[in-house]
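Numbered per the working numbering, the sequence shown spans residues 257 to 448. Heads up: the structure comes next, in structure tokens.
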Amino acid sequence: MKIAVFASGTGSNFSAILESIHSKKIINVEVVLLVSDRPEALAVQKARDERIPVFTFFAKDYPNKKAYELEILDELTQRKVDFIVLAGYMRLLGNVLLRVYDRKIINVHPSLLPAFAGKDAIGQALDYGVKVTGVTVHYVDEGMDTGPIIAQQAVTIESDETRETLIEKIQEQEHRLLPEVIQRLANWEAAR
């Protein structure tokens, strides 16, 4: 199964995917493209270091979302991408990609959805004072973190928890759960 990973930041989930492929925790999956809306993102450099093709763009250089998504779609089509994995990609996808890749796009989110959707889910959880948060991998639809849930993992928030320690705990679970879901999807695709 050929996947494209979309990332806007450090690429820790992207790295976890690559490490899982290298260590054979994920098999029959190839990352054939990294897409980023931030050419300076660490994820871009990680992809280049791994010799993975990269497509970067600045949204402001395009008249609208459709215009840049058509360019992304061309890149995906050229590489025969089967699935898209959003791993810290900070833009909502539009109809161009959602129509072509219906039920073929997943996202990892740092909360137990539907709680704390959107930006700064970890900060939201700490501000609200919940005792449990977690990680969700879900299909992507037109909403913000509203697609059908595939898998979740709870993370306990201790009384002395800081933002930094909670981020670390959440990322540890993201780096475990996301590769597991990718392997599950690859197995489902192979069985079709």
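Note that the Cβ used here is the ideal one computed from N, Cα and C, for glycine as well. No experiment lies behind these values; they were computed from the predicted model shown.
Backbone CA spacing between residue i and residue j [nearest angstrom]
i	j	result
Ile308	Ile340	15 Å
Gly403	Val393	9 Å
Ser279	Ser271	12 Å
Lys336	Lys258	7 Å
Gly399	Glu306	32 Å
Leu332	Val356	10 Å
Pro295	Arg448	36 Å
Asp376	Asn443	32 Å
Asn363	His431	13 Å
Leu433	Glu424	14 Å
Gln429	Lys322	34 Å
Ser367	Val391	5 Å
Val411	Leu422	9 Å
Asp358	Ala446	18 Å
Asn320	Leu329	15 Å
One or two residues paired with residue i in a DSSP bridge
i	result
Tyr395	Ile362
Thr389	Val411
Thr421	Beta-bridge pairing links Thr421 to no other residue.
Thr312	Ser292
Val287	Ile259
Coil, strand or helix - residue i by DSSP
i	result
Lys258	strand
Gly403	coil
Thr266	coil
Gly340	Per the sequence shown, residue 340 should be read as Ile rather than Gly. Reduced to three states, the DSSP call for Ile340 is strand.
Ser292	strand
Glu306	coil
Gly350	coil
Leu231	The requested residue 231 is not part of the displayed model; the chain covers only 257 to 448.
Asn320	coil
Tyr384	helix
Asp416	coil
Cβ neighbours of residue i in the same chain (closer than 7 Å, five flanking residues each side left out)
i	result
Val300	Leu290, Ser292, Val310 and Thr312
Pro435	Ala272, Ile273, Ser276, Lys281 and Ile282
Leu326	Val352
Ile406	Ile362, Val393, His394, Tyr395 and Val437
Proximal residues to residue i (C-beta, below 6 Å), its chain only, five neighbours per side dropped
i	result
Asp401	His365, Leu369 and Ala373
Met346	Ser264
Leu298	Thr266 and Gly267
Chain-order list of residues whose beta-carbon lies under 8 Å from that of residue i (same chain, five-residue window excluded)
i	result
Arg304	Val310
Arg419	Ile378, Gly379 and Leu382
Lys360	Asp338, Phe339 and Ile340
* **the stretch 261-274 in contact with the stretch 335-352 per 3-pair CB rule at 8 Å** => yes
* Asked: Do the stretch 265-285 and the stretch 436-446 make contact, defined as three or more Cβ pairs closer than 8 Å?
  -> yes
* Can you find at least 3 beta carbon pairs, one from the stretch 409-426 and one from the stretch 372-387, that sit closer than 8 Å? -> yes
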